[in-house]
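For reference, the structure discussed in these notes is given below.
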Amino acid sequence: MTDRGGQLYITTPTVESDVLSRPRGFRVFLKLENLQPPGSFKIRGISHLCQKAVKEKGCTHLYCASGGNAGLATAYVAQRLNLKCTVVLPESTPPFVADKLKEMGATVLIHGKVWDEANEHAQKLAQNPDAQFVPPFDHPVIWEGHGSMIKEAAEQMPSRPDVIVTCVGGGGLLNGVVIGMKSVGWQDVPIIAMETVGADCFNKSVVAGQIITLPGITSVAVCLGAKAVNEHTFRLYRDKTANIISVAVPDKEAVKACLRFADDHRFIVEPACGATLSCIYSDVIPQLQSEGRLGKVNSALVIVCGGAGVSLDLLYKWKKQFDL
Ligand SMILES: Cc1ncc(COP(=O)(O)O)c(C=O)c1O
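To convert, take the position in the sequence shown, counting from 1, and add 112; that gives the numbering used here.
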């Protein structure tokens with residue numbers, strides 16, 4: 113394994129996509145977080161939190177309750193830093209998720225019927241001085257770690273973008289993007305925050321003017337499936353600390369974007385990332401401009417957040433499901 117001076121995430125490329133730029137009349141830059149070793153941007157914030165815990169309190173054991181990209185990132189960090197890792201999953205988790213985590217050296221405990229019960233159990237187990245609980249998104253140190261992607265992009269792009277496109281699950285990614293933007297002086301660049309209908313807790317909150325808790329998640333973009341966005345994200349929007357434009361698209365658009373991106377760039381990504389890409393493929397930008405909600409765009413920075421929860425079989429299944 114290459115030594116990155118203790119850094120557990122990689123500096124990902126920001127590439128200008130000719131195939132996406134040409135038909136749209138503006139330059140599209142892709143921040144390729146799908147290339148991170150555990151498959152998504154999550155490693156940035158989670159490694160930051162865990163390395164800080166090791167340094168400051170000699171932590172030796174990581175606990176988390178995610179069968180998704182946060183769990184994979186936590187297991188990866190534990191493996192690289194020689195720490196113990198326990199992932200608590202609810203009974204409903206498919207066995208292949210547990211197998212993948214075990215392969216990475218994590219101990220998997222099955223507890224509770226739903227995620228909230230598993231999460232509570234992981235928090236309880238982590239109540240000892242040498243343990244660190246790793247939440248999937250709700251921690252300022254995680255946000256700070258995610259911010260590094262924007263600092264990199266600022267060095268990699270020829271000039272600042274006119275808009276940044278990303279997606280929202282629990283809001284950790286968006287919070288990190290905003291922190292990174294502030295650190296490079298991009299705080300007034302508008303951000304388009306994409307979600308899918310059925311995992312649209314932020315969009316629903318924006319419309320209602322207060323945090324809304326979804327009764328359940330019905331979207332195939334499961335890793336956008338937080339029932340409520342974290343308060344900090346909502347406040348960033350409400351207090352206009354950042355210029356955030358919230359957009360929710362149907363699952364079909366997110367899956368269509370995954371399929372087109374596979375053809376255009378030969379990468380397969382989760383529908384969460386498809387939601388972000390659908391902003392470009394479904395012409396959300398000209399639509400927002402025609403509504404007067406977005407100004408002139410000469411270049412867009414798109415956060416390709418990635419995700420390991422995708423395969424050719426799943427893409428085929430969704431293609432059929434949505435009649436694409
Ligand atoms: C691939 C991917 N993209 C986006 C998100 C959303 O991130 P957040 O929950 O920090 O908003 C997640 C969350 O798990 C993810 O795994």
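Backbone N, C-alpha and C fix where the C-beta goes; we use that ideal spot for every residue, glycine too. Note that the coordinates shown come from a computational prediction; the quantities given were computed from them, not determined experimentally.
- Item | DSSP bridge partner residues for residue 284 (one or two, in chain order) | Answer is none; residue 284 lacks a bridge partner.
- Message: Can you tell me where the alpha helix (DSSP H) holding residue 388 begins and where it ends?
- Response: Looking at the DSSP string, the run of the alpha helix (DSSP H) that includes residue 388 is 383-393.
- Item | residue 399 versus residue 407 - alpha carbon distance | Rounded to whole angstroms, residue 399 and residue 407 show a C-alpha spacing of 11 Å.
- Query: Given a threshold of 16 other Cβ atoms within 10 Å of its Cβ, counted over all protein chains shown, does residue 283 qualify as buried or as exposed?
  - Reply: Classification of residue 283: buried, given that the 10 Å Cβ count is 16 or more.
- In the region 225-285, which residue ranges form an unbroken alpha helix (DSSP H) of at least 4 residues, counting only runs that do not cross its ends? Whole alpha helix (DSSP H) segments, 4+ residues: 227-237, 252-258, 260-268.
- Message: Taking contact to mean 3 or more Cβ pairs, one atom from each stretch, closer than 8 Å, check whether the region 375-382 and the region 258-275 are in contact.
- Response: Using a Cβ-Cβ distance cut-off of 8 Å, the region 375-382 and the region 258-275 are not in contact, since fewer than three pairs of beta carbons, one from each stretch, lie closer than that value.
- Query: Three or more C-beta pairs closer than 8 Å, one from the region 269-280 and one from the region 246-260: is that the case here?
  - Reply: No contact exists between the region 269-280 and the region 246-260.
- Item | Pairwise C-alpha distance: residue 119 and residue 268 | Take the alpha-carbon of residue 268 and the one of residue 119: they are about 19 Å apart.
- Just confirm the distance between the C-beta atoms of residue 230 and residue 201, as a whole number of angstroms; I'd bet it's less than 8 Å. Contact flag correct, Cβ pair sits at about 6 Å.
- Task: Counting only the same chain and skipping the five closest in sequence on each side, list residues whose C-beta sits under 8 Å from that of residue 285.
- Result: Exclusion of the five residues before and after residue 285 leaves 153, 249, 258, 278, 279, 415, 417 as the residues of its chain whose Cβ lies within less than 8 Å of its Cβ.
- In the region 320-354, which residue ranges form an unbroken beta strand (DSSP E) of at least 3 residues, counting only runs that do not cross its ends? Along the length of the region 320-354, whole beta strand (DSSP E) runs at least 3 residues long do not occur.
- Message: Would residue 391 and residue 304 be called neighbours here (beta carbons separated by less than 8 Å)?
- Response: Taking C-beta atoms as the reference points, residue 391 and residue 304 count as a pair closer than 8 Å.
- Can you pull the DSSP bridge partners for residue 418? Paired residue(s): 152.
- Task: Enumerate in chain order the residues of its own chain whose CB-to-CB distance from residue 217 is below 8 Å, with the five nearest sequence positions on each side excluded.
- Result: Annotation for residue 217: 187, 190, 191, 197 place their beta carbon closer than 8 Å to its own, counting only its chain and skipping 5 residues before and after.
- Query: According to DSSP, is residue 408 helix, strand or coil?
  - Reply: Reduced to three states, the DSSP call for residue 408 is coil.
- Give me the Cα-Cα distance between residue 296 and residue 220, rounded to the nearest whole angstrom. Cα-Cα distance, rounded: 40 Å.
- Would DSSP call residue 313 helix, strand or coil? Three-state DSSP puts residue 313 in a helix.
- Message: Please report the straight-line C-alpha distance between residue 113 and residue 175, rounded to a whole angstrom.
- Response: Low confidence applies to residue 113: its pLDDT is 49, below 50, so where it sits in the model is not reliable enough to give any reading.
- Reduced DSSP category for residue 114 - H, G, I as helix; E, B as strand; rest coil: Low confidence applies to residue 114: its pLDDT is 49, below 50, so where it sits in the model is not reliable, and the reading given next is rough at best. It is coil, neither helix nor strand.
- Message: To the nearest angstrom, how far is the alpha carbon of residue 443 from that of residue 331?
- Response: Here the chain has residues from 113 to 436 only, and residue 443 is not among them.
- Within 7 Å: the Cβ of residue 149 and any heavy atom of ligand 1? With a threshold of 7 Å, the Cβ atom of residue 149 does not count as near ligand 1, since no heavy atom of the ligand is closer than that.
- Query: In chain order, which continuous runs of the alpha helix (DSSP H) of length 4 or greater are located wholly inside the region 161-236?
  - Reply: Runs found: 181-193, 207-215.
- Query: Which residues in the same chain as residue 368 place their Cβ atom closer than 6 Å to its Cβ, once the five residues preceding and following it in sequence are excluded?
  - Reply: Closer than 6 Å at Cβ, skipping near neighbours: 436.
- From the DSSP output, in three-state form, read off residue 425 for me. Helix.
- Which class does residue 295 belong to by DSSP, given the choice of helix, strand or coil? DSSP places residue 295 in helix when its eight states are reduced to three.
- Item | Sheet register partners of residue 128 (DSSP bridge) | According to DSSP, which records beta bridges pairwise, residue 128 is partnered with 141.
- Task: Say yes only if the C-beta of residue 335 is nearer than 7 Å to one or more non-hydrogen atoms of ligand 1, and no if none qualify.
- Result: At least one heavy atom of ligand 1 is nearer than 7 Å to the Cβ of residue 335, so yes.
- Query: Under the rule that 16 or more other beta-carbon atoms within 10 Å means buried, what is residue 427, buried or exposed?
  - Reply: Flag for residue 427 reads buried.
- Query: Is any heavy atom in ligand 1 found nearer than 7 Å to the beta carbon of residue 316?
  - Reply: It does not: the Cβ of residue 316 is nowhere closer than 7 Å to a heavy atom of ligand 1.
- Let me know if residue 244 comes out buried or exposed under the rule of 16 or more other beta-carbons within 10 Å of its beta-carbon. Buried.
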